[in-house]
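Colleague: Counted the way numbering that gives the first Met the number 0 counts, the sequence shown spans residues 0 to 711. Glycine is no exception: its CB is placed at the ideal position from the N, C-alpha and C atoms. Let me begin by handing over the structure; questions about it come next.
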Amino acid sequence: MQQLVRRPAYALLALTLSCIALAACIAWIALQQPWLGVQMAVVDDKVQVVQLAKPLASQIPVGVEVRRLVSASGLSQELKTTDLIEEPDFFDTYSEMTEFFERQSKFDTMLRDKQVSLIWADATGVETQTELTPKQRPLSSLPRVFWFQIFAGFFGFLIASWILLLRKDDWAARMFWLSGLAFPLFTIPAALYSTRELAMHGETIRWLASLNHFGANMFGCALVAIFMTYPRKLVRPLHLLWLPAIFGVWLSADVFRWAPDQDWGSRIPVTIEMLMAIVFAAVQWRKTRGQPLERAALRWFTLSTLIGSGLFIFITFGSQVLGLFDMPQQGYAFGYFLIIYIGIALGLRHYQLFDMDEWAYRGFMWVVGAISVIALDALLLYFGLTEATSLGFSLLIAGWLYFPLRQWMWQRIVKKYYPKLETLLPELSAIAFTASNGEQKIHWETFLMRVFDPLELKQEEAPLPECKVCEEGLALQVAAFATLPSYRLRYAGRGTRLFSTRDAEFALALSQLLQQVMGGRSSYEQGVAQERLRIGRDLHDNIGARLLKLIHHLRGTPDADIARDAMKDLRTAIAAMDSHPVPLLNALGDWRAEANSRCEAAGCKLNWLQPEILSVVQLLPRTKAMLESVLRELVTNALKHANPDNIEIQIDAATGQLQISVTNDGNLSETATWKDGYGLRNIRGRMEELGGSLAITSFPGEVKLSIKATLA
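The structure is reproduced here in C-alpha cells:
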C-alpha cells in the first residue's frame, strides 16, 4: 500500500521538477530579447514613458511621449499605440495582424543594432533625441505577470496530472489531463510575447500566437470531452477523436489564414466549444437524475466553470465594451481558469461534495451580487449620473433586492431540508416518554425518516460514537445514545441530494436534545419509583401490621375472612407499586391458587384450563394488579350471586392478547336484564384502562364472563 501511495507522489514530484526546469528555460528565452531599459505604455492614446532603468533616469523624464525610433544604420519608424498591444488576437482582421507582425520585425531589427536613438517630446511638443544602447534583458526586468502566467500554466498541468495519477483508468481524468497539458500551451506563448519590452520578431510572435490558439482549441476540446465522459459516458471513447479532427482542421484555417477573419479563425470555434460543453453538461444533468453524488460533482464543474469563465468575460466586457475600469493585464486573466481547474479537480476527486449546496449557493450569490451592482452602475452612468452618485444608488438598490433574494434562496436551497425545531420538540418529547424501549426505537426511526427522508435506514450492529457524513455524502451515521442504537441513513431526500456536514450537526443536535429529555424522564421515573417504594413500605409496615393483628384477633369468627380479603387487597396494591415486571406464568400461578382456595371455602369445584405452553410475556406490575382485581371480582360475583357448583376459568394468551373466561353453572337471571352494579362498572373501567373489554354471554344452564386485555 505504501508503494502505491509513493509512486504517484514520486511521479508528481518528477513532474514538478520538470516544470521548474521548463520555467527556467522559458525565462532564459525571454531574456534573449534586446532591452533598452525604457518601459512604455499607452496613456491618453499616446505612447509614453512610464518607467526607466536607473542609468536613464537623468536622460529621459517619465511621462514624455515617445514618437519614433532610429537605428544606427538609419532605419526609422514611428511608434503607434498598437505596437504595445499585448495580444495580437485583439486585431479583428488578418491584414491588421500581418501589419503588426511586420512592424514588430522592423523594431526587432532596429533593437538588435549597436545603438538606437529614441525620439521623444515633452508637454510643449519639443522633440529630443536620446542615444540608447540595447543590452541583454536582465532577470529583474521580467514583470510579475510573466511569472504568474508561467505559474498558472504549470500549476494547472500539475493539478490535472495529480488527478490522472490517482485515477488512471478514468476517461474523465484522462480528458482532464489533456486539458491540463493544453493549459501551458496557451499561457507560456502568451507570457513570452505579452511581456516583451517593445518588440519581438514578427514570425516568432506569429508562431507563438498559433501555439496559443492550438492550446486554446485543445483545452476546449478536452473540456467538451470531460462533459461527454463524466459523470456518465455519453459516447464511446473512440468517438472523442472527432473533436480534435474537426477543430484541428479549423485551427489550420486560422494558422494559414484561410479563414475570413479572426472571428471565424479563432473566436467562433472556442465559443462553439464552450457551448458544446454547456449542452453536454445539461445532458449529464438529465442523465444523473436520482444520483446525488454524480450531480454534486457536476455542480462543482458547473459552478467553477461559471465563476472562472464568467469573471473572464465580465472583466473583458466591463473594461473594453462598457469602459467601467481599466483592463488588467491579460496574463492575470489566466488565473480565472485556475478556478475551473480546482473546481473540476475537486469534483473528480469527490472532495467535500456533500457541502456543495451551500458552497454553490454562496458562490452563485456572490457572482449575482457583484454583477447586479456593476450592471446598475453602468445603467445609471449611461443615463448621465456621476460616478459617485451612480455607485451609491447601485449599492442601495442592489441591497434592497439582493439581500431579500439571498435570504429567500437560502430558505429554498439550503434550509428547505430541515423542519423547524419547534415542530420537532413535541415529537422528541413523545419519543422520550414512550413506555417501552421497542416502541421508543420504532418512533426514533420514524422520526429520522421524516427529518432526512432517506431511501434506506439501517441499524448498525455495533454502537457508533459520533454523527458524521460517510460514503462521500451518500450516507449519514447517527450515533448511539441511551438505549437507542446507531443508524446509517443512505440517499437523503429520496435520493435527490447528498448528506452534508450540516445534516450531521443537525442529527447530533437532535440526538443530544432527545438524550436530555430522556435524562429528565429517567430522573422523574426514579423519583416516582422511590416515592412508590416509600409508600409501599409504609403500607406494608403500618397498615399491614394492623390488619395482621386484626386477623389474629378475629380468628375463628366470620369477620376474619373480611380481614384476610383486606390483607390480600393490600398486598395486591403494594405489588402494583413494584417496578419489576412479572412473568405471565407466575401471575397465573398466584391467581389459580387464590381462586382455588376461595372456591374450596365456598364448596364449589374449580376447573382451571390453560395452555401447556405459554409465550414468554412480562406483565407490568400495574397490569398484573388490575387483572388480578378483575379476576377476583369475577369469581366473587359468581360465588355471591349464582351459588354455583362448578366454576370454570379458561386462559388463552395467543396473538399478543390475554383472554380470561369465567363460566359458572349457578342460578342467575337472564343477562339481558342485568344492570351494571358497582362491581361490573369497576371491571369495565379497569379493562378500558388496559385497552381491553368485558363480554357477558349466557347459555342454557350457565353464564360466561370474558375479559380481553392487550399484553405489554
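Between which two residues does the alpha helix (DSSP H) harbouring residue 622 extend?
Modeller: It spans 620-636 - the alpha helix (DSSP H) in which residue 622 sits, taken as one unbroken run.
Colleague: For the region 168-179 against the region 152-160, are there 3 or more C-beta pairs whose distance is under 8 Å?
Modeller: yes
Colleague: By the DSSP assignment, the alpha helix (DSSP H) with residue 217 in it spans what residues?
Modeller: Start and end: 201-228.
Colleague: Counting Cβ pairs, one atom from each stretch, are 3 or more of them under 8 Å apart for the region 95-106 and the region 29-47?
Modeller: no
Colleague: Is DSSP giving residue 192 helix, strand or coil here?
Modeller: helix
Colleague: Assign residue 265 to one of two classes, buried (16 or more other C-beta atoms within 10 Å of its C-beta) or exposed (fewer than that).
Modeller: Residue 265 is buried by the Cβ-count criterion.
Colleague: Residues bridged to residue 617 by DSSP?
Modeller: 582
Colleague: Indicate whether residue 630 and residue 659 have their beta-carbon atoms separated by less than 8 Å.
Modeller: Taking 8 Å as the Cβ cut-off, residue 630 and residue 659 qualify as a contacting pair.
Colleague: If I measure Cβ to Cβ from residue 691 and keep anything under 7 Å in the same chain, skipping five residues before and after, which residues do I get?
Modeller: The answer, listed in chain order, is 706, 707, 708, 709.
Colleague: On the CB-based measure, 16 or more other CB atoms within 10 Å of its CB, does residue 639 come out buried or exposed?
Modeller: exposed
Colleague: For the 8 Å Cβ check, are there 3 or more pairs between the region 451-461 and the region 473-490?
Modeller: yes
Colleague: Taking only runs of the alpha helix (DSSP H) that begin and end inside the region 241-319, which ones reach a length of at least 4 residues, in chain order?
Modeller: 241-254, 267-286, 291-315
Colleague: On the three-state DSSP scale, how would you describe residue 7?
Modeller: helix
Colleague: With three or more beta-carbon pairs closer than 8 Å as the criterion, would you say the region 506-514 touches the region 463-481?
Modeller: Put simply, the region 506-514 touches the region 463-481. At least three CB pairs are less than 8 Å apart.
Colleague: Classify residue 168 as helix, strand or coil using the three-state DSSP reduction.
Modeller: coil
Colleague: Once DSSP output is grouped into helix, strand and coil, what is the label at residue 459?
Modeller: Reduced to three states, the DSSP call for residue 459 is coil.
Colleague: Please report how far the alpha carbon of residue 109 lies from the alpha carbon of residue 28, in whole angstroms.
Modeller: 19 Å
Colleague: Determine, for residue 145, whether the minimum Cβ-Cβ distance to residues of chain C falls below 8 Å.
Modeller: Reference to chain C is not applicable here, since this structure consists of a single protein chain.
Colleague: On a Cα-Cα basis, can you pick out the residue from 301, 33, 174, 217 that is closest to residue 112?
Modeller: 33
Colleague: Have a look at the DSSP bridge pairing and note the partners of residue 23.
Modeller: Residue 23 is not bridged to any residue.
Colleague: Nearest-angstrom Cα distance between residue 229 and residue 147?
Modeller: 30 Å
Colleague: Measuring only the C-alpha atoms, how far is residue 600 from residue 556?
Modeller: Using only the alpha carbons, I get a separation of about 14 Å.
Colleague: Exposed or buried, residue 505, counting other C-beta atoms within 10 Å across all chains shown (16 or more means buried)?
Modeller: buried
Colleague: Please check the pair residue 664 and residue 632, which I expect to be a contact at CB under 8 Å, by giving their CB distance rounded to whole angstroms.
Modeller: Incorrect: roughly 19 Å between the Cβ atoms, too far for contact.
Colleague: On the CB-based measure, 16 or more other CB atoms within 10 Å of its CB, does residue 46 come out buried or exposed?
Modeller: Residue 46 sits buried, since 16 or more C-beta atoms from the chains shown fall within 10 Å of its C-beta.
Colleague: Pairs of beta-carbons, one from the region 263-282 and one from the region 220-229, closer than 8 Å: are there three or more?
Modeller: yes
Colleague: Which one or two residues does DSSP pair with residue 58 in a beta bridge?
Modeller: Partner(s): none; residue 58 has no beta bridge.
Colleague: Which value, in whole angstroms, describes the spacing of the CA atoms of residue 165 and residue 6?
Modeller: 10 Å
Colleague: Take residue 31 as the anchor and find which of 423, 704, 199, 168 has the nearest alpha-carbon.
Modeller: 199
Colleague: Are there 16 or more other CB atoms within 10 angstroms of the CB of residue 9, so buried, or fewer, so exposed?
Modeller: exposed
Colleague: First and last residue of the alpha helix (DSSP H) that includes residue 446?
Modeller: From DSSP, the alpha helix (DSSP H) with residue 446 extends over 436-451.
Colleague: Which of the three DSSP states, helix, strand or coil, is assigned to residue 89?
Modeller: helix
Colleague: Can you list, in chain order, the residues of its chain with a C-beta nearer than 7 Å to that of residue 201? Leave out the 5 residues immediately preceding and following it.
Modeller: Cβ neighbours of residue 201 beyond the five flanking positions: 100, 101, 103, 104.
Colleague: Pop quiz: residue 472 and residue 451 are said to be a contact at Cβ under 8 Å. What is the actual Cβ separation, rounded to whole angstroms?
Modeller: Going by Cβ atoms, the distance from residue 472 to residue 451 rounds to 13 Å, so no, they are not a contact pair.
Colleague: Counting along the chain, where does the alpha helix (DSSP H) carrying residue 491 start and finish?
Modeller: 491-494
Colleague: Going by the DSSP bridge assignment, what does residue 469 pair with across the sheet?
Modeller: 474
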